[in-house]
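Q: Below is one structure. I have some questions about it.
In our numbering, the protein residues as written are 133 to 901.
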């Protein structure tokens, strides 16, 4: 399609109101090739020739050379740059020469494993059989995979819960394991990545026990700290290959800002318009959203529109997200790959490298949270030399609006740092239990798990989790493996099932978000269908739902309180004080609002009776001076509304500086915190123990405040809106908020520089009793 003409046509269509905030043409890029020192196995050379591949790209040749030299390797190049060959070629080359060799491929999603199984099958190498071993594999297939596969394709979840605890049944596989491949490792950040890092340390420990020392090969989209991130993930030194030699076709990148008039038009509506227009013209399109609910809404609205405006395309679109059953996901992936589907609306579940065929356009409904994810999603369209289109449709929140006014920040800045914390004590303790259940812990193991492992093991012995016998520490449990109690994708380690009236499991939700998403009375969307939550069984962890047809959606209302446990570092900020340390957060979901579809008008607020939830985590906070509080009050402004608005604005722009989403962090503001007596604004990691997000905000506080001030100053609203100080996740439904008070506070904070950090100063905030 001629996207130059398409963009011009958008500017000229009725109802256009300068939505295109920026349009940039990214030119095509030519290929750079490399040369291997030694030839690949003849069977692989034949396969490459059959594919029309005469030479390898520079990064592919460099990766093959590094792996052949037995260097742990991380390939960090853009989407569609041929990273799969970077591990398939050296692995297959070695396994063809070593009939006993084995390889383990790990993917963050089941869809990727299935996709790569097909890719391996295309090589036509029956002497190197491959098999998928994951939660969808039937029992008969699991035994066949364990005994017969030379390349095992799985995911960290199954490695954690299904392979490592049963390692003696896998003795031959571990004895012969030569390679471990981790695809799309940029997905392993935050809590998930911190858990995966410990799973990999357990894997390395068991490999050593069984006599193998595999080479690790990682692939990733671009991150700012590839060496630091990969080495922290693996616990090993890593060779980085990050200069891509792959070509790319020309691309238009458009920033689309819904018009503002007494409030900004819905990004959902604007995205639906663009999706319908593209699909109606036969343009193969993927629309990425940031939430399951938005995915279902856009798919539902688009289907309704297409039935009226382009009936030929109405049956050729589908939603896609995590929480679908395996057979549902496989069917959608196959229809997309075969071209039967013209369009799909997806969460991040299709962001990673599943082969879904050639797409022409990618719509990003809201900034995905990181620059890396933005390019990853945009790169799902335009595979090959053809022209493609990527459109970022801004939502009405602070971060999206900042990027609409600063396109160079998005399109020219380097990607963010990927943050993990394998030594988070809450996460590490769970994996030490798992490791002890696999093989008793000895002194040499503790260095593998990091400096905090020794103290944690002593605490677990004292608490009875572990049993000490001479130099070994044994798991004290006798019934189940502790791995079954640890969900590596969630902070809490547990999930709730969502069950329909026919007792069929419809989906799942993490325990930490269950009270907000599937409380009694909540509206839950699944594959375009609407369900009403009838009850939430806390003991059985089941939400019972029933089909419904309502014209509203729901948002939980909660109260949050925070106790300061201790400050680890602090620095003066003019007369204010910036700190970081450990806090305890209590959140109580007390009710929910019913909001009208399309308009978000609050219809009513219903009460709920749910127990409070406790979270011990790390936080960044600023204690404001009394003089500033008096100035705010002296101007007739609302101090409580001002600090609340500052909290929202700062959380809104924090993802600019840390590889996180605003849903990964929480916040609370006080006109006078009980422990200090001073006005205070807190931002905390939304996971037990924290994973480094708050600390990153503390280190970059000056930039954080400057960005928050610019967002609030630059917003055209009068009293505050979602584009500056309102938050879609606010448990108080954005009440109270005072934009003018926030501007005053942010301007005063922006007047001061950033003196040095003082560690462990006397007089740090005291624990609230």
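Even for Gly, the Cβ is constructed at its ideal location relative to N, Cα and C.
From the DSSP output, which residues share a beta bridge with residue 627?
A: According to DSSP, which records beta bridges pairwise, residue 627 is partnered with 642.
Q: Given residue 631, which residues of its chain have a CB within under 8 angstroms of its CB, disregarding the five upstream and five downstream residues?
A: If we look at residue 631 and ignore the five residues flanking it on each side, its Cβ neighbours are 637, 638, 674, 675, 676, 677.
Q: So the beta strand (DSSP E) residue 767 belongs to, where does it begin and stop?
A: Here residue 767 belongs to no beta strand (DSSP E), and DSSP marks it neither H nor E.
Q: For residue 539, which residues of its own chain have a beta-carbon under 6 angstroms away from its beta-carbon, when the five flanking residues on both sides are left out?
A: The answer, listed in chain order, is 154, 387.
Q: Only counting the same chain, and skipping five residues up and downstream in sequence, which positions put a Cβ closer than 6 angstroms to that of residue 496?
A: So the list reads 420, 509, 524, once near-sequence residues are dropped.
Q: Out of curiosity, what's the CA-to-CA distance linking residue 890 and residue 797?
A: For residue 890, the predicted model reports a pLDDT of 37, less than 50, meaning its position is unreliable; a value from the coordinates is still stated below. About 25 angstroms.
Q: Classify residue 308: buried if its beta carbon has 16 or more other beta carbons within 10 angstroms, exposed otherwise.
A: Residue 308 should be labelled buried.
Q: Do residue 772 and residue 840 come within 9 angstroms of each other at the CB atom, strictly closer than that value?
A: No, the Cβ-Cβ distance between residue 840 and residue 772 is not below 9 angstroms.
Q: Using a Cβ distance threshold of 8 angstroms, determine whether the stretch 269-287 contacts the stretch 221-240, with at least three qualifying pairs required.
A: Yes, they touch.
Q: Going by the DSSP bridge assignment, what does residue 156 pair with across the sheet?
A: DSSP lists 385 as partners of residue 156.
Q: Alpha carbon to alpha carbon, how far is residue 342 from residue 173? Give it in angstroms, no decimals.
A: Each residue's alpha carbon lies about 29 angstroms from the other.
Q: Does residue 698 pass the burial test, meaning 16 or more other C-beta atoms within 10 Å, or should it be called exposed?
A: So residue 698 ends up on the exposed side.
Q: Around the Cβ of residue 517, are there at least 16 other Cβ atoms within 10 angstroms (buried) or fewer (exposed)?
A: By the 10 Å Cβ count, residue 517 comes out exposed.
Q: Please report whether the beta-carbon of residue 769 lies at a distance below 9 angstroms from any beta-carbon of chain B.
A: In the displayed structure, chain B is absent; only one protein chain is listed.
Q: What is the DSSP secondary structure of residue 727, counted as helix, strand or coil?
A: Of the three classes helix, strand and coil, the one that applies to residue 727 here is strand, per DSSP.
Q: Since residue 749 contacts residue 817 with CB under 8 angstroms, what's their CB separation in whole angstroms?
A: Their Cβ separation, rounded to whole angstroms, is 5 angstroms, which keeps residue 749 and residue 817 in contact under 8 angstroms.
Q: Once you ignore the five residues that flank residue 374 on each side, which residues in its own chain have a CB closer than 7 angstroms to its CB?
A: 208, 209, 358.
Q: So, at 7 angstroms on beta carbons, what are the nonlocal neighbours of residue 823 in its own chain, with the 5 sequence-adjacent residues on each side left out?
A: Answer for residue 823: 322, 323, 326, 551, 552, 553, 556, 817, listed in chain order.
Q: To the nearest angstrom, how far is it from the Cα of residue 428 to the Cα of residue 196?
A: Looking at the two C-alpha atoms, the distance is approximately 42 angstroms.
Q: Do you know how far the Cα of residue 425 is from the Cα of residue 645?
A: Each residue's Cα considered, the two are about 14 angstroms apart.
Q: Quick check on the DSSP output: the alpha helix (DSSP H) that includes residue 286 runs from which residue to which?
A: Looking at the DSSP string, residue 286 is not in any alpha helix (DSSP H); the run it does join, the beta strand (DSSP E), is 283-286.
Q: Assuming the contact rule is C-beta atoms closer than 8 angstroms, residue 813 and residue 754 should be a hit. Round their C-beta distance to whole Å, please.
A: 5 angstroms between Cβ atoms; contact.
Q: Nearest CA to the CA of residue 705: which residue from 205, 757, 288, 310?
A: Residue 705 has its Cα closest to that of 757, out of 205, 757, 288, 310.
Q: If the criterion is Cβ atoms closer than 9 angstroms, does the pair residue 74 and residue 476 meet it?
A: A query on residue 74 cannot be resolved here, the shown segment of the chain reaching from 133 to 901 and no further.
Q: What are the boundary residues of the beta strand (DSSP E) that residue 745 is part of?
A: Taken as a continuous stretch (DSSP letters only), the beta strand (DSSP E) holding residue 745 covers 745-755.
Q: Taking C-beta to C-beta, are residue 112 and residue 849 nearer than 9 angstroms?
A: The structure shown does not extend to residue 112, since the chain is modelled only from 133 through 901, so no value can be given for it.
Q: Based on the DSSP secondary-structure assignment, which residues constitute the bridge partners of residue 392?
A: Answer by DSSP bridge pairing, in chain order: 396.
Q: What residues in its chain sit with their C-beta under 6 angstroms from that of residue 93, if we drop five residues either side in the sequence?
A: With the chain running from 133 to 901 in the structure shown, residue 93 is simply not present.
Q: Does DSSP put residue 715 in a helix, a strand or coil?
A: In this structure, residue 715 counts as strand in the three-state DSSP scheme.
Q: Are the stretch 729-736 and the stretch 652-671 touching by the rule of at least three beta carbon pairs closer than 8 angstroms?
A: They do not touch, by the three-pair rule.
Q: Restricting to Cα atoms, I'd like to know which of 635, 770, 572, 710 is closest to residue 876.
A: Checking every option, the nearest Cα to that of residue 876 belongs to 770.
Q: Among all the DSSP beta bridges, which residues are the ones paired with residue 691?
A: Answer is 720, bridged to residue 691.
Q: Counting only runs that start and end within the stretch 258-284, where is the alpha helix (DSSP H) found for 4 or more residues in a row?
A: List check, alpha helix (DSSP H) in window: 271-280.
Q: Check for me: the beta strand (DSSP E) holding residue 587 runs from which residue to which?
A: Note, residue 587: premise wrong, no beta strand (DSSP E); alpha helix (DSSP H) at 585-595.
Q: Throw me the rounded Cβ distance for the residue 689 and residue 725 pair, which I believe falls under 8 angstroms.
A: Correct: roughly 6 angstroms between the Cβ atoms.
Q: So for residue 761, helix, strand or coil by DSSP?
A: Residue 761 falls in the helix class under three-state DSSP.
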